[in-house]
Amino acid sequence: MEHTAMRIPRLLPRVPRPALWVYLGLWMLLLLWGSLAGAAERLGEMADFLGVRNNSLIGYGLVVGLDGSGDQTMQAPFTGQSLTNMLQKLGVSVPPGSNMQLRNIAAVAVTAKLPPFARQGQPIDLVVSSIGNARSLRGGTLLMTPLKGADGQVYAIGQGNIHVGGAGAEAGGSSAVVNQLSGGRIPGGGTVERGVPLDIVRADGTLDLQLKHADFNNAQLAATRINQEFGQRVASAMDGSTIRLQAPPNPDALVGFMARVESIEIEPQAQDSRVVINSRTGSVVMNSRVSLRPAAVAHGNLSIYIDTNYGVSQPAPFSEGQTAIVPDSDIYIEQEEGALHFMEGADLSEVVRALNAMGATPQDLMSILESLKAAGSLRADLEII
1 MEHTAMRIPR LLPRVPRPAL WVYLGLWMLL LLWGSLAGAA ERLGEMADFL
51 GVRNNSLIGY GLVVGLDGSG DQTMQAPFTG QSLTNMLQKL GVSVPPGSNM
101 QLRNIAAVAV TAKLPPFARQ GQPIDLVVSS IGNARSLRGG TLLMTPLKGA
151 DGQVYAIGQG NIHVGGAGAE AGGSSAVVNQ LSGGRIPGGG TVERGVPLDI
201 VRADGTLDLQ LKHADFNNAQ LAATRINQEF GQRVASAMDG STIRLQAPPN
251 PDALVGFMAR VESIEIEPQA QDSRVVINSR TGSVVMNSRV SLRPAAVAHG
301 NLSIYIDTNY GVSQPAPFSE GQTAIVPDSD IYIEQEEGAL HFMEGADLSE
351 VVRALNAMGA TPQDLMSILE SLKAAGSLRA DLEII
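With UniProt numbering, the residue at position 72 of the sequence shown is 72, and numbering never jumps.
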């Protein structure tokens, strides 16, 4: 059987190779323009409705089942007291004056966040932290603990096995610990018993939308976009962070109104240049608008080394002297030369490159950035946390 090849007619004209590259370049420019134009953010990511927030809960409880790593009840008497009270509530009488030296229990503080619109029976996560001198909460179980709000009312009950992320080992008087062992989490260990009523809409029929970062331009821009979306004046910027909205007269339409407001997209103004320094960890974070005015930087380190060797001093034979250990310490002081570096006005990448070229550590970065800010060369707000 013979097969006849069928020729498919060309639907598009043949494009020369140079023109093809031009078309591809234009197409990539259009894609780039689309990505730049798509830098808008939803109002739901930039702002929250006033009153829609988490509420903090706290409770005091006992953790049992520890493998000898609990509180030393002689040094933490409140742990034994709490155990005695709990046993009495369960119908177990403890002889007065009994000294219970238990090492498998620990007194803990339990904290949680009650989310908005939480309903009875909803699970929440718990954070458990040791109060006494327990070495580790690994393997422990939190007993039923009421969690109260700032008003003293019980809003949730916590109980469950504790997950500890750290690790530790001990032998021969030496120990090694990775992360913290005196705290842990119980995912879904809390059960909501009652919710918090939310009053979002005022008596005059208005509600507020609050920007997470105050900015007058963004507040006015958000109010304008909301009015354009609804075709009438329903929003007005009260200040740099508050946008007042007129709620619909029908209460059943409130949820749809709020969802529609949150879905509105705006192109926010660029954030102010900012440098955030964590003084505890040495972390330095900068946004893309950080720049420098021309400046000269000299930075040197002073290092002190102490080397101690121990020798044994033996007394002469038949003398009344005693053998003694004599320390012999050598102290060395080294100071690195602080070279003078000139920094031109630069953006973020050049700032990081220049500081890395100086061999600056995170601690050095903190000192250098603080000095640059004091000299007026750092074009950014410096925040130390």
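The beta-carbon is built from N, C-alpha and C at its ideal position, and this holds for glycine as well.
A quick note: this is a predicted structure, and the numbers were derived from the prediction, not measured.
Check                                                                                                                          : Outcome
CB Ala43 to CB Ile200, shorter than 9 Å?                                                                                       : Strictly speaking, residue 43 in this sequence is Leu, with Ala absent from that position. Not in contact: Leu43 and Ile200 (Cβ atoms no closer than 9 Å).
Across which residues does DSSP place Glu265 in a beta bridge pair?                                                            : Arg42
What are the boundary residues of the alpha helix (DSSP H) that Ile226 is part of?                                             : Phe216 to Phe230
Use the C-beta contact count for Gln322: other C-beta atoms within 10 angstroms, 16 or more gives buried, fewer gives exposed. : exposed
Who pairs with Met286 in a beta bridge, going by DSSP?                                                                         : Val275
Consider the Cβ of Tyr60: report whether some Cβ of chain B lies at a distance smaller than 9 Å.                               : In the displayed structure, chain B is absent; only one protein chain is listed.
Can the beta-carbon of Ala219 be found closer than 9 Å to that of Met238?                                                      : yes
For Arg103 and Gly140, I'd like the C-alpha separation in whole angstroms.                                                     : 12 Å
Rounded to whole angstroms, how far is the Cβ of Ile124 from the Cβ of Ala112, which I believe are closer than 8 Å?            : 5 Å
Out of Glu262, Asn278, Asn250 and Thr206, which one is the CA nearest neighbour of Ile226?                                     : Glu262
Out of curiosity, what's the CA-to-CA distance linking Val128 and Gln122?                                                      : 19 Å
Helix, strand or coil for Asn85 per DSSP?                                                                                      : helix
One question on the structure: do Arg293 and Arg233 come within less than 9 Å of each other, judged by their Cβ atoms?         : no
If you draw a straight line from the C-alpha of Leu50 to the C-alpha of Ala118, how long is it?                                : 17 Å
Mapping the DSSP letters down to three states, classify Leu292 as helix, strand or coil.                                       : strand
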